[in-house]
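Participant:
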Amino acid sequence: MNRRRFTQLASLATLGAATGCRRAVSHEVIWSLGWLPDVEYGNLWIALDQGFTKQEGVRASYLPGGPNAPQPVVVVASEQSTFGDAEWLPFLDAVMQGNDFVVLAAQFPILPTGLITLPKRPMHKPADLVGGRFLVQGPSERNELIATFKINHLPMDYKLIPVGFSPEALLQGEGDAYFCYITNQPTMLENMGLKRDKDFFVTRIYDLGYKIPSSLLFVERSFLQRERKQLVGFLNALLRARAANLANLNLAPRLAVEKYGADLGLELPQQTTLNRLQLQVEVEPGTDIPFWFSQQSIAKMYDIAAITGRTNLPPPSHTIDLSVLEEAWRELNPTTGTPQTT
């Protein structure tokens, strides 16, 4: 299963239904996960397991996501959780539907999706996409691909072919490019004995111009205003956890396999590889701050929203507030300061 399949926004009707079931006001940071509790959330597992959240004075817990769980925008809107992760366009749609959400950071400032191609029809640059047959899994992938064509002012000459979550369809010649998670399907091909950059190529969608942070961490504005100290402490714990993750690449995978995702049948080697690769997309080039993204990225997010037909958007200052993350970073690194955001 691939989490991309389940990143579409729930319908307005679902959001409306969810808001009818609300919990009492909580002071706890309750993270509604956008996917199953595997190593994708390895920094969270370390923060909880090593006691970093408690040391920061933060009460923290989580609600698992996955194919049978509502999307975090729905869960946070219904006040069943106080914190969630979402993709940019679904998040923006939820805001346009009246939810007062604010983005605080991004798990992956570098979008972790890409295209796998073969030597007979490689795609390394935008112009190579024209006329291609693309094996895609769902609406999110289609939207990213179409936006990539528009961003690069390419003729809309392509074919989208529905496919499952294995790249074998590409090997069988059913298309020219397979839409992938760069931390997942390329490893599947390598495990089949194929060599990257010889038998197949991987091109990040990010490098083709779709420079959108992924897995945006968001809260309701009222929670931010009420519990800012808790949120600073929580992000502080995540930053500490990522440092611990870098120091021991086996810790987060073991926690995912043996504890937090113990009932999922996860494989330790695969989770270890995934952890190693995703650490590389947790920091935007040009900064040392994990989970942070620049003003240029924010401008690109809004450009892409406009390209996809979304209008009358709230200003970035209303939807994105990175000052909480910057404050947490300064507490851990008082001499380094924060990057310029203008």
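Numbered according to my numbering, the sequence shown spans residues 2 to 343. Every residue, glycine too, gets a C-beta built ideally from N, C-alpha and C. Please read these numbers as outputs of a predicted model, since none were measured by experiment.
#1: Can you give me the Cβ contacts of Leu269 inside the same chain, cut-off strictly under 8 Å, excluding the 5 residues immediately before and after it?
#2: Shortest alpha-carbon distance to Glu354 belongs to which of Ala148, Asp304, Leu195 and Asn144?
#3: Using only CA atoms, which one of Ala300, Arg241 and Ser216 lies nearest to Val282?
#4: Where DSSP assigns a beta bridge to Glu191, which residues make up the other side?
#5: Could you tell me the distance, in whole angstroms, from the CA atom of Glu221 to the CA atom of Arg197?
#6: Leaving out the 5 sequence neighbours to the left and right, which residues in its chain are closer than 7 Å to Glu145 when beta-carbon positions are compared?
#7: Nearest CA to the CA of Trp356: which residue from Trp293, Thr188, Ala238 and Ile299?
#8: Decide if Ser297 is buried, meaning its Cβ has at least 16 other Cβ atoms within 10 Å, or exposed.
#9: CB Asp304 to CB Ile147, shorter than 9 Å?
#10: Let's see if you can read the secondary structure: which residues bound the beta strand (DSSP E) around Trp32?
#11: Excluding sequence positions up to five away, which residues of its chain have a Cβ less than 7 Å from the Cβ of Tyr42?
#12: Since Leu265 contacts Ile290 with CB under 8 Å, what's their CB separation in whole angstroms?
#13: Would Glu88 and Ser62 be called neighbours here (beta carbons separated by less than 9 Å)?
Facilitator: Well, looking at it:
#1: Pro254, Arg255 and Val258
#2: Coverage of the chain is limited to positions 2 through 343, which leaves residue 354 absent and any answer about it impossible.
#3: Ser216
#4: For Glu191, which the question treats as bridged, DSSP gives no partner whatsoever.
#5: 42 Å
#6: Thr114, Ile206 and Tyr211
#7: As displayed, the chain neither begins before 2 nor continues past 343, which places residue 356 out of reach and without an answer.
#8: In the sequence as presented, Ser is not what sits at residue 297; that position holds Gln. Gln297 comes out exposed.
#9: no
#10: Val30 to Ser33
#11: Leu34
#12: Between Ile290 and Leu265 the Cβ distance is about 31 Å, and since that is not below 8 Å, they are no contact.
#13: no
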